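Right, one structure below, let's go through it.
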Amino acid sequence: MLRPGDGGVPGDLELSGDLIHSDPDFETPAMYDLVVIGGGSGGLHLATLAARVGAKVALIDKRPPGEKGWLAAWLPSKGLVQAARLVRQIRGAGEFGIHVEPPRVDLAAVLNRLRSVSQASAADRSDEALAARGIDVFHGTAAFEAYDTVLLNGTGRIEGQRFVIATGSRPAPPQIPGLSEAGSLDDASLWSLTQVPESLTVIGAGPIGMEFAQVFARLGSKVTVLTDEDRVLPREDPEISGHVACMLTGEGITIKQRAAIEKIEQRGDQKVCIYNDGDTGERAEVSSAEILCASARLANVEHLNLEAVGVHADPEHGIEVNELLQTHAVRVFAIGDVLQRHQYTHAAEAEAEVAFQNAVLRRRRKIDYTSLPWATFLDPEVATVGSAEAQAKADDLEHHVFRVNYADIDSARIDGRPEGFAKVVASPSGKILGATILGVQASLVLQQLVLAMDAGLGLGELAETTQIYPTYGQVIRELAGQFQATRQRGFMATALRFFYGFQPRTAAVDGASSRTPDAPHGSADDASAASHSTGPAHGHGH
Ligand SMILES: Cc1cc2nc3c(=O)[nH]c(=O)nc-3n(C[C@H](O)[C@H](O)[C@H](O)COP(=O)(O)OP(=O)(O)OC[C@H]3O[C@@H](n4cnc5c(N)ncnc54)[C@H](O)[C@@H]3O)c2cc1C
Numbered sequence: 029m030l031r032p033g034d035g036g037v038p039g040d041l042e043l044s045g046d047l048i049h050s051d052p053d054f055e056t057p058a059m060y061d062l063v064v065i066g067g068g069s070g071g072l073h074l075a076t077l078a079a080r081v082g083a084k085v086a087l088i089d090k091r092p093p094g095e096k097g098w099l100a101a102w103l104p105s106k107g108l109v110q111a112a113r114l115v116r117q118i119r120g121a122g123e124f125g126i127h128v129e130p131p132r133v134d135l136a137a138v139l140n141r142l143r144s145v146s147q148a149s150a151a152d153r154s155d156e157a158l159a160a161r162g163i164d165v166f167h168g169t170a171a172f173e174a175y176d177t178v179l180l181n182g183t184g185r186i187e188g189q190r191f192v193i194a195t196g197s198r199p200a201p202p203q204i205p206g207l208s209e210a211g212s213l214d215d216a217s218l219w220s221l222t223q224v225p226e227s228l229t230v231i232g233a234g235p236i237g238m239e240f241a242q243v244f245a246r247l248g249s250k251v252t253v254l255t256d257e258d259r260v261l262p263r264e265d266p267e268i269s270g271h272v273a274c275m276l277t278g279e280g281i282t283i284k285q286r287a288a289i290e291k292i293e294q295r296g297d298q299k300v301c302i303y304n305d306g307d308t309g310e311r312a313e314v315s316s317a318e319i320l321c322a323s324a325r326l327a328n329v330e331h332l333n334l335e336a337v338g339v340h341a342d343p344e345h346g347i348e349v350n351e352l353l354q355t356h357a358v359r360v361f362a363i364g365d366v367l368q369r370h371q372y373t374h375a376a377e378a379e380a381e382v383a384f385q386n387a388v389l390r391r392r393r394k395i396d397y398t399s400l401p402w403a404t405f406l407d408p409e410v411a412t413v414g415s416a417e418a419q420a421k422a423d424d425l426e427h428h429v430f431r432v433n434y435a436d437i438d439s440a441r442i443d444g445r446p447e448g449f450a451k452v453v454a455s456p457s458g459k460i461l462g463a464t465i466l467g468v469q470a471s472l473v474l475q476q477l478v479l480a481m482d483a484g485l486g487l488g489e490l491a492e493t494t495q496i497y498p499t500y501g502q503v504i505r506e507l508a509g510q511f512q513a514t515r516q517r518g519f520m521a522t523a524l525r526f527f528y529g530f531q532p533r534t535a536a537v538d539g540a541s542s543r544t545p546d547a548p549h550g551s552a553d554d555a556s557a558a559s560h561s562t563g564p565a566h567g568h569g570h
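Going by our numbering, the sequence shown wraps up at 570, each residue one higher than the last.
Listed below in structure tokens is the structure:
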């Protein structure tokens, strides 16, 4: 068991600012070294890390014991993405000379399979599995009674040295007149569908909304997306948003941007969204059998009695923490969706690692999101890390942008998936500032750049790494190759001319020699594919 003052365990954290219950030397006769509230992605990871080093850990989750439902929406949602990808592959088989009947989707069977997948994953997180790891699991809702005590279901007391809140978030229905009367689905309730709705209006064009829009369109719904933003996936590079909108429109999805929904009416078996079309300035409407709300999420901070311990929080903004993920009550930390920062499983886990260092090992590790990647599981995927091109420009950072089109990658040609592009923003020395990829296996390809960022490696080092051919690793080879080309045309060409009298060819000659005449920008030998911050970026993927 780890206690302050034990060998190798630094003392309590010191925080500046308006903190309450900040007597760092006060020791409670606590039963637990760590009490984790919320047993989802972040909470489970943290509890496991703490138990592994011998800390006495309590994990409290409001789900009833032995619940055999969905783990969390992310898992079945990825199963739906896979089912929809299969539908596309089957429909496109003719392109490969394989002739098959059009697919028939049995949604109940699709969801049954996903239930089994969820249950298989849930087994690893059962009470028995957690107990075997040395974690005491409690079922019920937790509310703070004092800085060192929570009440379970209003009665049982659980005392702890440190607390970590990991209660996640929930879908928030938009405040639209008529919505509650007409009824709508969200990522928590859509799993009760027994058949694919003949038509579906998705409200919200963030990652969850766009993933479901594509899934249901492929499964057979006529899908309309309504968003009040001026582009889809607003967190992404605008070029990505434009390509994704084009791609989904090409699949038959109607996307209405700048659409302000006024009200919703039920007419017969149809739900009608009446909205103001920001493009035309006119009133318009769209009818559908179902509406799926995916516009906002709220942090689960109510019922925790956070006021009692001085933790600042509200459902819209989440729990306020410092860089150590510590709340205004120094013994209470928070991680995951409840922070309303990066709503991803791996972000919750990364935060769990920091909370483990600070709450259990009593170190002072700051959270750093610089190389936190994220992906939207469209088909093909979108994956991003770090500063976008626009951000580098806004920050006035000297940078180059290297890009490659999937159409130039042999794997993409072989797989018949030429749509998309990859773009990396790098400093003149090759340090990776950020990258964004739209294309098959984008999340996997991006991971090489993430590893490089974490390890302090740049495009120069990546250029020295051999990528297996033919894989989508060629995307990295091309990007890193472009960086090398700019260097070789600079210092190295000058040196070779000086010492050996080499006469470097011009970029235009190189480009012509290495690419077919109609190939788009972005092959490894095309140094012109690198654009400096002061110049325009190069052409679009398609
Ligand atoms: C449709 C959908 C698709 C997604 N897809 C992805 C994806 O592809 N990749 C990705 O990285 N992320 C994805 N996410 C996001 C991901 O699910 C979350 O970011 C992640 O689960 C957050 O982890 P968490 O620990 O903060 O919260 P959660 O995993 O939500 O866990 C919170 C836990 O707290 C418990 N709880 C809540 N209130 C209390 C209380 N008062 N007392 C006790 N227990 C309580 C809940 O029962 C729950 O078990 C997706 C989310 C959705 C909705």
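Where is the CB? At the ideal position from N, CA and C, for every residue including glycine. Computed from a predicted model, the values in this text were never measured in an experiment.
Problem - residue 409, enclosing beta strand (DSSP E) - first and last residue - result: Taking the first residue of the sequence shown as position 1, residue 409 is located at position 381. Element bounds for residue 409: 409-414.
Exercise for the section: With residue 456 as the anchor, note down where its beta strand (DSSP E) starts and where it stops. Expected result: On the sequence shown, position 428 is the one that residue 456 refers to. Where residue 456 is concerned, there is no enclosing beta strand (DSSP E), given that its DSSP letter is neither H nor E.
Practice task
Determine the contact status of residue 352 and residue 393, defining contact as a CB-CB distance below 9 Å.
Solution key: On the sequence shown, position 324 is the one that residue 352 refers to. On the sequence shown, position 365 is the one that residue 393 refers to. Taking 9 Å as the Cβ cut-off, residue 352 and residue 393 qualify as a contacting pair.
Exercise for the section: Would you tell me roughly how many angstroms separate the C-alpha atoms of residue 530 and residue 511, rounded to the nearest one? Expected result: Here residue 530 refers to the residue found at position 502 of the sequence shown. Here residue 511 refers to the residue found at position 483 of the sequence shown. Roughly 21 Å separates the two Cα atoms.
Practice task
Would you identify the three-state DSSP class for residue 166, choosing helix, strand or coil?
Solution key: On the sequence shown, position 138 is the one that residue 166 refers to. Reduced to three states, the DSSP call for residue 166 is strand.
Handout entry: Sub-9 Å separation of residue 508 and residue 491 beta-carbons
Key = In the sequence shown, residue 508 corresponds to position 480, counting from 1. In the sequence shown, residue 491 corresponds to position 463, counting from 1. Contact flag set, yes.
Practice task
Give the straight-line distance between the Cα atoms of residue 381 and residue 387, rounded to the nearest whole angstrom.
Solution key: For the purposes of this step, residue 381 is taken as residue 353 along the sequence shown, with counting starting at 1. For the purposes of this step, residue 387 is taken as residue 359 along the sequence shown, with counting starting at 1. Approximately 10 Å, taken between the alpha carbons.
Handout entry: Contact set for residue 101: own chain, Cβ-Cβ below 7 Å, skip 5 residues either direction
Key = For this step, residue 101 is matched to residue 73 along the sequence shown. The answer, listed in chain order, is 215 and 216.
Handout entry: Residue environment, residue 520, which counts as buried when at least 16 other CB atoms sit within 10 Å
Key = By one-based count along the sequence shown, residue 520 stands at place 492. Exposed: under 16 other Cβ atoms inside 10 Å.
Handout entry: Closest by C-alpha distance to residue 91, when choosing among 180, 467 and 148
Key = For this step, residue 91 is matched to residue 63 along the sequence shown. Nearest option by C-alpha distance: 180.
Exercise for the section: Using beta-carbon positions only, say whether residue 197 and residue 346 come within less than 9 Å of one another. Expected result: To locate residue 197, count along the sequence shown from 1; it is residue 169. To locate residue 346, count along the sequence shown from 1; it is residue 318. In contact: residue 197 and residue 346 (Cβ atoms closer than 9 Å).
Exercise for the section: Determine the closest residue to residue 312 out of 89, 284, 295 and 119, with distance taken between C-alpha atoms. Expected result: Residue 312 sits at position 284 when you count from the first residue of the sequence shown. Cα-wise, what sits closest to residue 312 is 284.
Exercise for the section: Give a single yes or no on whether residue 408 has its beta carbon closer than 8 Å to a heavy atom of ligand 1. Expected result: Counting from one through the sequence shown, the residue named residue 408 turns up at place 380. No, the beta carbon of residue 408 sits no closer than 8 Å to any heavy atom of ligand 1.
Practice task
For residue 313, write down the residues that DSSP places opposite it in a beta bridge.
Solution key: Position 285 of the sequence shown, counted from the start, is the residue given in the question as residue 313. Beta-bridge pairing links residue 313 to 302.
Exercise for the section: Look up residue 428 in the DSSP assignment and say whether it is helix, strand or coil. Expected result: In the sequence shown, the residue the question calls residue 428 occupies position 400. Residue state, collapsed to three classes: strand.
Exercise for the section: Could you have a look at residue 446 and say whether DSSP puts it in helix, strand or coil? Expected result: For this step, residue 446 is matched to residue 418 along the sequence shown. Note: residue 446 maps to coil in three-state DSSP.
Problem - The beta strand (DSSP E) enclosing residue 530, as first and last residue numbers - result: Locating residue 530 in the sequence shown gives position 502, counting from the first residue. Here residue 530 belongs to no beta strand (DSSP E), and DSSP marks it neither H nor E.
Problem - Nearest residue (CA-CA) to residue 442, options 497, 199, 416 and 402 - result: For the purposes of this step, residue 442 is taken as residue 414 along the sequence shown, with counting starting at 1. When each option's Cα is compared against that of residue 442, the closest is 497.
Problem - Separation of residue 389 from residue 71, as counted between CA atoms - result: In the sequence shown, residue 71 corresponds to position 43, counting from 1. In the sequence shown, residue 389 corresponds to position 361, counting from 1. Cα to Cα, the separation comes out at about 16 Å.
Exercise for the section: With a floor of 4 residues, list each alpha helix (DSSP H) that falls wholly inside the segment 116-195, ordered by position along the chain. Expected result: 135-151 and 155-160
Problem - Exposure label - residue 126; buried when at least 16 CB within 10 Å - result: Position 98 of the sequence shown, counting from 1, holds the residue named residue 126. By the neighbour-count rule (16 or more Cβ atoms within 10 Å), residue 126 is not buried but exposed.
Problem - Residues near residue 580 in its chain [Cβ-Cβ closer than 6 Å; skip 5 each side] - result: Because the chain in this structure spans residues 29 to 570, residue 580 falls outside the shown range and cannot be described.
Exercise for the section: To the nearest angstrom, report how far apart residue 84 and residue 357 are at their CA atoms. Expected result: The count along the sequence shown starts at 1 and reaches residue 84 at position 56. The count along the sequence shown starts at 1 and reaches residue 357 at position 329. If you take the alpha carbons of residue 84 and residue 357, they lie about 21 Å apart.
Exercise for the section: For my contact list, residue 434 and residue 469 are in at a C-beta cut-off of 8 Å; report their separation, rounded to the angstrom. Expected result: Counted from its first residue, the sequence shown places residue 434 at position 406. Counted from its first residue, the sequence shown places residue 469 at position 441. Not really, about 10 Å apart at Cβ, beyond 8 Å.
Practice task
Determine the closest residue to residue 378 out of 168, 103 and 395, with distance taken between C-alpha atoms.
Solution key: Along the sequence shown, one-based indexing puts residue 378 at 350. Checked all of 168, 103 and 395; the closest Cα to residue 378 is 395.
Problem - Inter-stretch contact (C-beta, 8 Å, three-pair minimum) for the segment 306-320 and the segment 224-242 - result: yes
Practice task
Would you check whether ligand 2 has a heavy atom nearer than 8 Å to the C-beta of residue 315?
Solution key: For ligand 2, the structure offers nothing, since it holds only ligand 1.
Handout entry: Residues near residue 221 by beta carbon distance below 7 Å, same chain, minus five either side
Key = Locating residue 221 in the sequence shown gives position 193, where the first residue counts as 1. The answer, listed in chain order, is 135.
Practice task
Identify every residue that forms a DSSP beta bridge with residue 197.
Solution key: Taking the first residue of the sequence shown as 1, we reach residue 197 at position 169. DSSP, once it has assigned bridges, lists 327 as partnering residue 197.
Handout entry: Whole-angstrom C-beta distance between residue 364 and residue 68, which should lie under 8 Å
Key = For the purposes of this step, residue 68 is taken as the residue at position 40 of the sequence shown. For the purposes of this step, residue 364 is taken as the residue at position 336 of the sequence shown. Residue 68 to residue 364, Cβ: 7 Å. Contact.
Exercise for the section: Return the Cβ separation of residue 162 and residue 79 in integer angstroms, given the expectation that the two are a contact with Cβ distance under 8 Å. Expected result: Locating residue 162 in the sequence shown gives position 134, where the first residue counts as 1. Locating residue 79 in the sequence shown gives position 51, where the first residue counts as 1. About 4 Å; that satisfies the 8 Å criterion.
Exercise for the section: Just mark residue 124 as buried or exposed, buried being the case when its beta carbon has 16 or more other beta carbons within 10 Å. Expected result: Taking the sequence shown and counting its residues from 1, the one referred to as residue 124 is at position 96. Counting Cβ neighbours within 10 Å, residue 124 comes out exposed, since fewer than 16 surround it.
Handout entry: Of the listed residues 411, 261, 75 and 457, nearest to residue 235 (C-alpha basis)
Key = As a working note, residue 235 is residue 207 in the sequence shown. Among 411, 261, 75 and 457, the Cα nearest to that of residue 235 belongs to 261.
Practice task
Locate the beta strand (DSSP E) running through residue 89, then write down its first and last residues.
Solution key: In the sequence shown, residue 89 corresponds to position 61, counting from 1. It spans 85-89 - the beta strand (DSSP E) in which residue 89 sits, taken as one unbroken run.
Practice task
Take the Cβ of residue 175 as the centre, count every other Cβ of all protein chains shown within 10 Å, and call the residue buried at 16 or more, exposed below.
Solution key: Taking the sequence shown and counting its residues from 1, one reaches residue 175 at position 147. Looking at its Cβ environment, which holds 16 or more other Cβ atoms inside 10 Å, residue 175 is buried.
Exercise for the section: Quick one: give me the first and last residue of the beta strand (DSSP E) that residue 575 is part of. Expected result: Outside the displayed range of the chain (29 to 570) lies residue 575, so it cannot be described from this structure.
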